[in-house]
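Residue numbers (this note's numbering), protein chains in the order written: chain W, 78 to 461; chain G, 70 to 350. Quick reminder that beta carbons are idealized off the backbone N, C-alpha and C, glycines included.
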């Protein structure tokens, strides 16, 4: 069944069809519609789930961890300041190995107060151990929630499904709603080995000294590394069942490409149309969209970059004192290669400033005129 | 006189406000402006701090030192200001969500240490800015986008919360009784400790429309009148009659030393001790 919905509701339907059982949530612009629809579906019986109207995002994540520890499938959603407020317990969710799936609407951080899109909120959480998926359209948002549960529960690591504020969160698109029966088959009920169970008591989170903590951290790293092939496997299996295949990365016209534009989320959609126009002009250009940011698909990126002459990463985020975050990670992935191509880093669209197809074409043409990257940041669109 | 106050304290270039027709927040801001004037000191000695929400837009419009801060944390920001600038009047404006949900802990601890801050709570029982989700003061059984079949949790009574936590000036009024509201805010500012003024105010758009009041400002104002009962009258009413009502009046007005003065005393004591030591040497 096809249904017209905004990106936020694609998250809600993703949680519903995945049979989330507990949803602790707090409203924040531009996430609110996600949890409003879920609260409605919990209240009218469409979902067999408990909606907890918590008093802050910190409590939303904390209650999520508690519920997940009982063996429940848990969903929540937030954005920007709310995500930052969760920071302490984002680490906890990973350490406690609770495979929560959370929607995050990418919004720029305050001050000054703002609500428009930028990726710095979620990328600032990159070292917590949460898996991160950047979606480019509402269909992918919905499909990714289902896949995220499958991967997260297999490796016991939580996952964020991330979408751009307003550009995606509030844009209506036709979305194919998968059949519940097929989803149930694809994503069976969550059955963790350890859970809060009166018949089988356990201690959770007890004090652990240097003799034990190190190995637990090693296991988290191993688990998230295991998730790397899992995202591809689950994305391929999803393709077989539902007809829409997904992977760690997505490539467009890279087979004969000499130059590569690398981006993520909705910016990558804009870049795809720019690639078409540039191709018409005779440019041998392709697009690499990074869909899964954590775990980082280094090998896949290396393999694409091994056959190009130069690449430009367009980041809608910034690590102050360094550079664009995807740019850093892409560069790090190819550093040990024999002859890595020069990689240019562009920062664009900060605080939701529009990035148009023409902007991407300009970025491409600008870097084609340069001999080599002279600094880690090429600013696009900043008014000085 | 009134026009002069508006000109003196408002950033007129920021008009009009974002508040919807029938919203009571402008009435509270009006009371606040008159209270600032009645306070009788320079407006440069005032810090007005807010968190997030419709109420928290107030500092954008008021021409004093203003800080628009993070959701629920206005009191914590204000605490830092007051400790370093004890001579300033530090006023926090916040909504019911800011005050009693995400910022509830800051609220009760400011009351416990009797921080010399005045908290004006714009209490409309709903998260208005995000479009009408339940707040900690949403009445029992009321409708909201996150309670489409009625709120099943009981609300917080902000006055009781402030009293229990140790605030030294605690009052409640509504936007239906403006002269009283002016008076309560002035008293709150003048109190040398943590002051709470809980103001019942309507949100026709996010609350009224969902709760049989429609968006009609008059109906919402009438509702404010109906749900607020003066203390004296409340004493003669039964528990059943008082269900769903907010009792108005002054609930506590006492002198009690707060953290700011305790610190000033400590500093003076330490200074004297140092001086004595110097004399001995």
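Determine, using beta carbons only, whether residue i and residue j come nearer to each other than 8 Å.
i                     : j                     : result
residue 199 (chain W) : residue 213 (chain W) : no
residue 94 (chain W)  : residue 252 (chain W) : no
residue 371 (chain W) : residue 327 (chain W) : no
residue 174 (chain W) : residue 242 (chain W) : no
residue 119 (chain G) : residue 94 (chain G)  : no
residue 148 (chain G) : residue 184 (chain G) : yes
residue 434 (chain W) : residue 347 (chain W) : yes
residue 407 (chain W) : residue 440 (chain W) : no
residue 424 (chain W) : residue 398 (chain W) : no
residue 276 (chain G) : residue 195 (chain G) : yes
residue 262 (chain G) : residue 327 (chain G) : yes
residue 179 (chain W) : residue 153 (chain W) : yes
residue 390 (chain W) : residue 420 (chain W) : yes
residue 359 (chain W) : residue 352 (chain W) : no
residue 300 (chain G) : residue 318 (chain G) : yes
residue 351 (chain G) : residue 228 (chain G) : Past the edges of chain G, shown from 70 to 350, lies residue 351 (chain G), and the structure says nothing about it.
residue 189 (chain G) : residue 255 (chain G) : no
residue 172 (chain G) : residue 205 (chain G) : no
residue 102 (chain G) : residue 75 (chain G)  : yes
residue 385 (chain W) : residue 337 (chain W) : yes
residue 120 (chain W) : residue 100 (chain W) : no
residue 325 (chain W) : residue 303 (chain W) : no
residue 232 (chain W) : residue 300 (chain W) : yes
residue 228 (chain W) : residue 238 (chain W) : no
residue 116 (chain W) : residue 224 (chain G) : no
residue 444 (chain W) : residue 354 (chain W) : no
Within its chain, find whatever has a CB closer than 7 Å to the CB of residue i; leave out the 5 residues flanking it on each side and keep chain order.
i                     : result
residue 162 (chain W) : 133, 134, 135
residue 224 (chain W) : 311, 312, 315, 323
residue 213 (chain G) : 195, 201, 202, 203, 207, 220, 279
Based on the DSSP output, what are the partners of residue i in its beta bridges?
i                     : result
residue 253 (chain W) : W:79
residue 181 (chain W) : W:155, W:239
residue 463 (chain W) : Only positions 78 to 461 of chain W appear in the structure, and residue 463 (chain W) is not among them; the question remains open.
residue 456 (chain W) : W:424
residue 372 (chain G) : A query on residue 372 (chain G) cannot be resolved here, the shown segment of chain G reaching from 70 to 350 and no further.
residue 209 (chain W) : W:237, W:371
residue 197 (chain W) : BP columns for residue 197 (chain W) are empty, so no partner.
residue 238 (chain G) : G:264, G:322
residue 247 (chain W) : Residue 247 (chain W) pairs with nothing; no bridge assigned.
residue 101 (chain W) : W:129
residue 137 (chain G) : G:119
residue 192 (chain G) : G:269
residue 163 (chain G) : G:190
Let's test the definition: count the other Cβ atoms within 10 Å of the Cβ of residue i and tell me whether it reaches 16, buried, or not, exposed.
i                     : result
residue 416 (chain W) : exposed
residue 394 (chain W) : buried
residue 140 (chain G) : buried
residue 78 (chain G)  : buried
residue 333 (chain G) : exposed
residue 210 (chain G) : exposed
residue 230 (chain W) : buried
residue 131 (chain G) : buried
residue 447 (chain W) : exposed
residue 207 (chain W) : buried
residue 270 (chain W) : exposed
residue 220 (chain W) : buried
residue 436 (chain W) : buried
residue 199 (chain G) : buried
With a CB to CB cut of under 8 Å and the five nearest residues on each side skipped, what residues in its chain are close to residue i?
i                     : result
residue 293 (chain W) : 172, 285
residue 203 (chain W) : 209, 370, 371, 402
Tell me which residues share the same chain as residue i and place their Cβ nearer than 6 Å to its Cβ, disregarding the 5 neighbours each side in the sequence.
i                     : result
residue 170 (chain W) : 142, 177, 235
residue 160 (chain W) : 181, 198
residue 145 (chain W) : 151, 175, 177
residue 175 (chain G) : 144, 145
residue 343 (chain G) : none
For residue i, is the beta carbon positioned less than 7 Å from some heavy atom of the ligand COA?
i                     : result
residue 395 (chain W) : As for the ligand COA, it is missing from this structure, which has no ligand bound.
Determine, for residue i, whether the minimum Cβ-Cβ distance to residues of chain B falls below 8 Å.
i                    : result
residue 83 (chain G) : The structure shown has no chain B; the protein chains it does contain are W and G.
Discussion item. Output needed in chain order: residues of the stretch 135-156 of chain G with a Cβ under 9 Å from some Cβ in chain W.
Written reply: Within the stretch 135-156 of chain G, the qualifying residues are 137, 138, 139, 140, 141.
Discussion item. Please identify, using Cβ separations under 8 Å, the residues of the stretch 166-196 of chain W that lie next to chain G, in order along the chain.
Written reply: Here the close residues are 187, 188, 190.
Discussion item. At a CB distance below 9 Å, what residues from the stretch 120-136 of chain W approach chain G? Give them in sequence order.
Written reply: Going along the stretch 120-136 of chain W in chain order, one finds 120, 121, 128, 130, 131, 132, 133, 134, 135, 136 with a Cβ nearer than 9 Å to chain G.
Fill in: Residues of the stretch 195-225 of chain G with Cβ closer than 8 Å to any Cβ of chain W, in chain order
Taking 8 Å as the Cβ-Cβ cut-off against chain W, the residues of the stretch 195-225 of chain G that qualify are 196, 198, 199, 200, 202, 203, 205, 214, 215, 216, 217, 218, 222.
Worksheet item: Going along the chain, which residues of the stretch 159-176 of chain G sit with their C-beta nearer than 9 Å to a C-beta in chain W?
Response: Hits within the stretch, in order: 166, 169, 170, 171, 172, 173.
Worksheet item: For the stretch 85-102 of chain W, which residues have a beta carbon sitting closer than 9 Å to at least one beta carbon of chain G?
Response: 102: these are the residues of the stretch 85-102 of chain W whose beta carbon lies less than 9 Å from some beta carbon of chain G, given in chain order.
Practice prompt. Mind checking the stretch 211-237 of chain W against chain G and listing, in chain order, the residues whose C-beta falls within less than 9 Å of any C-beta there?
Written response: Under the 9 Å Cβ criterion, the stretch 211-237 of chain W contributes no residue.
Item to complete: Note down, in chain order, all residues in the stretch 377-404 of chain W with a beta-carbon under 7 Å from any beta-carbon belonging to chain G.
Response: Taking 7 Å as the Cβ-Cβ cut-off against chain G, none of the residues of the stretch 377-404 of chain W qualify.
Worksheet item: At a Cβ cut of 7 Å, what residues of the stretch 249-281 of chain W count as close to chain G, listed as they run along the chain?
Response: Residues: none.
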